[in-house]
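Engineer: Before I ask anything, let me first share the structure, which is written out below as structure tokens.
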Amino acid sequence: MSLQSTTSQTVGPFFIIGCTWLNCDGIAGPDVAGERFTIEGRVLDGDGKPVLDALIEIWQANSQGKYAHPEDPESKSVETGFRGFGRIPTDDEGKFRFVTIKPGPVPGPDGKMQAPHLAVSVFARGLLRRLVTRMYFPDDSRNSSDYVLGLIELLRRGTLIAKKTANTENLEWNVVLQGDGETVFFDV
Amino acid sequence: MGRIAGYRRPFVGTQPNWLHPPYVSSIKRAPKHDPVHMPHTITEVTGPVFERNIIDVKAFDLTKQHKGEPLGERIIVSGRVLDENGRPVRDTLIEIWQANAAGRYLHNRDQHDAPLDPNFSGSGHTMTDSEGRYRFVTIRPGEYPWGNHHNAWRPAHIHFSLFGPAFATRLVTQMYFPGDPLIPFDPIFNCTADEKARNRLISQFDWETTMPVQALGYRFDVILGGREATPMEQ
């Protein structure tokens, strides 16, 4: 039997009323091990204007590189209460902010480990399908050998790597939907 | 370790392009670069797992969230969530949101001059059962005007959000109603090139779930990405 996936439609401008109950900007609670970061950024459109009606969703492993999912074959443990999911709507200035831990490396398609990363979905009015991207961490030597980053032309790779800020626990990462500095999005 | 079986990519034309100029909001928000094709890794074949106990068991009924009954025509929206291989997607979260019977969303940026309904918030969620079935009780949403072009009206629709088993299977879509005269003129409905794929967004009137005296039934099945055959062990 072969069916075809239902076609995607935009979330529209009013998704907040349906999604708020599951909003989560604290992906890792205090009991979850790992190096802790606050990640802040903005979603920007092709005119550089903030996108006030975007929704960011995060999917990530824990600090040992284990996903809270039955198909992860690694024999590592996951902290109770760690789901690895975040959902953050942008505010009236197009900003989003969440707190999490840096995930551990997970296996990649080339048999090597992937650099630590967050899988990110972006939804918004005007986006007929979600956009999929990844956020990597700055100053991580594993970025240079990461299989997925290696698929991207060198000049654009930086769009996926968060920037350090004056506060070492804070990272900045913007999502540029279109134009100068356009974030790399993936076909998954 | 063996290679990971990914999820199938969509058939050509069955998913919208990001840029669809008749939908004006896509013009400044659609990326200019093509998305970079990547294989599915453990990151993409896993995804958030929601336990049944986070579900509000009353959240499937949008007509019972307030003291009084909402205005409008009560309806039952039900169906199955299957994958492309025809297998039920069980225990998966479904979220919906919609306008009230007058075509107004409970949202501060909705400026449509139609009344809010104190007995209707317009959001619900549920989880599919072991056969992939789900069921919502709600009211039929109203059509409403929007600023996309002159005399633009959105057909009546309900927004659906689904997770499925993996990051790769995440889907947000909209369900429409059969016979709605606005559908052929809607740039959002029309964003998908494949006509059959588009038309699958239109629910079907369903006698089986229609409840005597109570509510008309509409059936809407959702198909999520199916797993590729497991690759041979290396």
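Here the protein sequences line up with chains A and B, keeping their order.
Take 1440 as the starting number for the first sequence in my numbering and just add one per residue.
Take 266 as the starting number for the second sequence in my numbering and just add one per residue.
Beta carbons are placed, not taken as given, at the ideal position from N, Cα and C, and that holds for glycine.
1) Against chain B, does Ala1507(A) count as a neighbour if the rule is that its beta carbon must be under 8 Å from one of theirs?
2) For Ala1554(A), does the count of other Cβ atoms within 10 angstroms reach 16, so buried, or fall short, so exposed?
3) Indicate the three-state DSSP secondary structure (helix, strand or coil) for Lys329(B) in the structure shown.
4) Could you confirm whether any beta carbon from chain A is found closer than 8 Å to the beta carbon of Thr311(B)?
5) Report the residue from Pro1577(A), Gly1451(A) and Arg1481(A) whose alpha carbon sits nearest the alpha carbon of Asp1608(A).
6) Hey, how far is the Cα of Gly482(B) from the Cα of Gly397(B)?
7) Start and end of the alpha helix (DSSP H) containing Thr308(B)?
8) From Phe442(B), Arg369(B), Met303(B) and Phe385(B), pick the residue whose C-alpha is nearest to that of Asp378(B); which is it?
9) Of all Cβ atoms in chain A, is any one closer than 8 Å to the Cβ of Leu466(B)?
10) If you follow the alpha helix (DSSP H) that Ile1456(A) is part of, which residue opens it and which one closes it?
11) Got a sec: is the Cβ-Cβ distance from Thr1449(A) to anything in chain B below 8 Å?
12) Closer than 7 Å by beta-carbon distance: list the chain A residues that pair up with Arg387(B), in chain order.
13) If the cut is a Cβ gap below 8 Å, which residues of chain A does Met303(B) touch?
14) Taking Asn1609(A) as part of the beta strand (DSSP E), name the residues at either end of that continuous run.
15) Given that a residue counts as buried once 16 or more other Cβ atoms are within 10 Å of its Cβ, and exposed if not, what is Trp472(B)?
16) Taking the DSSP output, what are the residues bridged to Asp1578(A)?
17) Taking a cut of 7 Å between CB atoms, which residues from the stretch 339 to 363 of chain B lie near chain A?
18) Can you tell me whether DSSP reads Gln499(B) as helix, strand or coil?
19) Return the chain-ordered list of same chain residues with a C-beta closer than 6 Å to the C-beta of Ile320(B), the five sequence neighbours on each side being excluded.
20) Does chain B have any CB closer than 8 Å to the CB of Ala1554(A)?
21) Pick from Leu1594(A), Ser1447(A) and Ala1563(A): whose alpha carbon is nearest that of Val1490(A)?
22) Assuming Tyr441(B) contacts Phe454(B) (C-beta within less than 8 Å), just tell me the rounded distance between them.
23) Quick one: does Arg374(B) have its CB under 8 Å from some CB of chain A?
24) Quick one: does Met392(B) have its CB under 8 Å from some CB of chain A?
25) For Lys293(B), name the three-state secondary structure that DSSP assigns.
26) So for Pro449(B), helix, strand or coil by DSSP?
27) Taking all protein chains shown into account, do 16 or more other C-beta atoms lie within 10 angstroms of the C-beta of Glu498(B), making it buried, or fewer, making it exposed?
28) Run through DSSP, which three-state label would Thr1449(A) get?
29) I'd like to confirm the pairing. Which residues does DSSP put opposite Asp1626(A) in its beta bridges?
30) Would you say Pro1548(A) reaches chain B, if we count a Cβ-Cβ gap shorter than 8 Å as a contact?
31) Of the residues Glu334(B), Ser290(B), Gly337(B) and Val342(B), which one's Cα is nearest the Cα of Ala1493(A)?
32) Rounded C-beta distance between Leu358(B) and Phe401(B)? I'm assuming under 8 Å.
33) Who are the neighbours of Trp1498(A) on chain B, taking C-beta pairs under 8 Å?
34) Going by alpha carbons, who is nearest to His422(B) out of Pro281(B), His414(B) and Ile448(B)?
35) Please name the residue, chosen from Leu381(B), His331(B), Ala417(B) and Asp394(B), that lies closest to Pro406(B) on a Cα-to-Cα basis.
36) Is there a Cβ of chain A sitting closer than 8 Å to that of Tyr399(B), yes or no?
Structural biologist: Reading off the structure:
1) yes
2) buried
3) coil
4) yes
5) For the sequence presented, residue 1608(A) should be read as Glu rather than Asp. Of the candidates Pro1577(A), Gly1451(A) and Arg1481(A), the one whose C-alpha sits nearest the C-alpha of Glu1608(A) is Pro1577(A).
6) 18 Å
7) Ile307 to Val310
8) Arg369(B)
9) yes
10) Ile1455 to Cys1458
11) yes
12) The sequence shown places Gly at residue 387(B), not Arg. The answer, in chain order, is Ile1456.
13) Val1587, Leu1590, Phe1625, Asp1626 and Val1627
14) Asn1609 to Glu1611
15) exposed
16) Asp1578(A) pairs with nothing; no bridge assigned.
17) Leu347, Glu349, Asn350, Gly351, Glu360, Ile361 and Trp362
18) With a pLDDT of only 37 at Gln499(B), under the threshold of 50, the placement of this residue in the model should not be trusted, and no figure is reported.
19) Met392
20) no
21) Ala1563(A)
22) 7 Å
23) yes
24) no
25) coil
26) helix
27) With a pLDDT of only 40 at Glu498(B), under 50, the local geometry of the prediction cannot be trusted, and no value is derived from it.
28) coil
29) His302(B)
30) yes
31) Ser290(B)
32) In fact, because the Cβ distance is near 13 Å, the residues do not count as touching under 8 Å.
33) Thr308, Thr311, Gly312, Pro313 and Phe432
34) Ile448(B)
35) Leu381(B)
36) no
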